[in-house]
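Asks:
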Amino acid sequence: MTQRPSAPDDLKLWSAVDRYYEALVSPPDPALESALSESQAAGLPDIQVSPLQGKFLYLLAKLRGARRILEIGTLGGYSTIWLARALPPDGRLLTLEVDPNHARVATANLVRAGLDRLVEVRLGPAAETLPKLLEAGEEPFDLVFIDADKPSYPTYLEWALKLSRKGSLLIADNVVRRGDVVDEADPDPNVRGVRTMNERMARHPELRATVLQTVGVKGHDGLFLALVE
Ligand code: SAH
Ligand code: DHB
Ligand code: MG
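The working numbering runs 6 ahead of the 1-based position in the sequence shown.
Here's what the structure looks like:
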């Protein structure tokens, strides 16, 4: 690792700014709060997107006018709730999760949020579920959020392209990793996965991509955004 870890003072400041803006743009929200507390009570890792990032995903989905959303990596359904709230009443969100306990907690959280009619949690390794979606003739998705195991990001980008169309928005979480991503020799499979995805994106003629570096309660990381043109 070439990068210094975030200094504790940096993280304190970034978190204070996150909390300040959260209070302004994401007021107390029972469904989101209980999704977090139920996830914690069930022992799920505390690695969901931050509230401001969740709101950002919601805004992107709204701006895109997304009617069909695919999420890869559900955890307790926190990002799922943000994204599903951007859907019209006849919209659909499919979220893929490998861990039965995560899927169970997420399903209960989605019921509590009143979103279970719009959302389906599909259990299984995404590398197996994704090809089945194509075989089953799923309509293309307007937005794909990639947030499962990072070593598989190159595979997930391929499937996201197959399952989307011109105008779809592809998003991937955790593409900066405290800056580790700039180290081409980093053997960490998470870094390798993100870098390989990035190389494929850069070679893809139909992707218009950028990365938004973020700091906040989750430290220094970033979101990959790509429009299929
Ligand atoms: N999107 C969530 C966080 C997801 S954390 C949020 O921000 O709220 C990553 C999730 O991906 C975990 O729940 C993990 O179990 C799941 N995951 C890991 N490997 C996977 C795989 N091969 N297929 C599907 N899901 C996987
Ligand atoms: C971590 C954070 C994430 O957003 C994620 O999707 C997976 C892991 C983490 O902080 O370890
Ligand atoms: Mg993530």
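Quick reminder that beta carbons are idealized off the backbone N, C-alpha and C, glycines included.
(1) Could you tell me the boundaries of the beta strand (DSSP E) in which Val150 lies?
(2) Under 7 Å: does the beta carbon of Ile177 sit that close to some heavy atom of ligand 3?
(3) Please check the pair Leu140 and Lys168, which I expect to be a contact at CB under 8 Å, by giving their CB distance rounded to whole angstroms.
(4) Would you report the Cα separation of His210 and Arg128, rounded to the nearest angstrom?
(5) Given 7 Å as the limit, tell me if Asn180 has its C-beta closer than that to any heavy atom belonging to ligand 2.
(6) Determine the direct distance from the alpha carbon of Lys61 to that of Leu175, and round the result to whole angstroms.
(7) Pop quiz: Ser170 and Val234 are said to be a contact at Cβ under 8 Å. What is the actual Cβ separation, rounded to whole angstroms?
(8) Once you ignore the five residues that flank Leu119 on each side, which residues in its own chain have a CB closer than 6 Å to its CB?
(9) What does the alpha-carbon distance come out to for the pair Thr80 and Asp52?
(10) Within the continuous beta strand (DSSP E) that includes Val125, where are the two ends?
(11) For Val187, collect the residues of the same chain with a Cβ closer than 7 Å to its Cβ; drop the 5 residues on either side in sequence, then sort them by chain order.
(12) Going by other Cβ atoms of all chains shown within 10 Å of its Cβ, with 16 needed for buried, is Glu77 buried or exposed?
(13) Is the closest heavy atom of ligand 1 to the C-beta of Ile75 under 7 Å?
(14) Taking the CB atoms as reference points, tell me whether Val111 and Ser32 lie closer together than 8 Å.
(15) Just grab the DSSP bridge partners of Ala232 for me.
(16) Determine which residues share a DSSP beta bridge with Glu205 and list them.
Replies: To lay it out plainly:
(1) 149-152
(2) no
(3) 6 Å
(4) 29 Å
(5) yes
(6) 16 Å
(7) 5 Å
(8) At residue 119 the sequence reads Ala, which differs from the Leu that was named. Closer than 6 Å at the Cβ level, and outside the excluded window around Ala119, lie Ala37, Ile87.
(9) 13 Å
(10) 125-129
(11) Val181, Val197, Val200, Arg201
(12) buried
(13) no
(14) no
(15) Leu176, Ala215
(16) According to DSSP, which records beta bridges pairwise, Glu205 is partnered with nothing at all.
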